[in-house]
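Remarks on the structure that follows.
Residue numbers (this note's numbering): 641 to 743.
This is the structure we're talking about:
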């Protein structure tokens, strides 16, 4: 598993960890995902909860592990080939939604 220099604000992390604690254990995980690049408006990175079934399907199709360690947490990242876009960044609350900000 790769280590990633990505920060997640405590406010965001605690919110999602609290949500995870209410879901069936081992069925969901934390994830950073980005939509298709052809989307308009342009796809952006989001942070949230990913069903383990979807994460496992993606891992099987792309034949590599999409898991990284960041902020002391195991995070699913998709698309994994754009992992470099997350380096030196931070997920934090913006005005209305979670934003990816530069450190």
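Backbone N, C-alpha and C define an ideal beta-carbon position, used for all residues, glycine too.
Just so you know, these numbers come straight off a predicted model, no measurement behind them.
6 Å CB neighbourhood of residue 666 in its chain, flanking five on each side removed: none
Less than 8 Å between C-beta atoms, sequence neighbours within five positions excluded: which residues of the same chain meet that for residue 643? 708, 709, 710
Straight-line CA distance for residue 715 to residue 736? 23 Å
Residue(s) in a DSSP beta bridge with residue 739: Paired residues: 732.
Mind reading off the beta-carbon distance from residue 671 to residue 683? Whole number of angstroms is fine, and I expect it under 8 Å. With 8 Å as the limit, residue 671 and residue 683 do not qualify as a contact, their Cβ atoms being about 15 Å apart.
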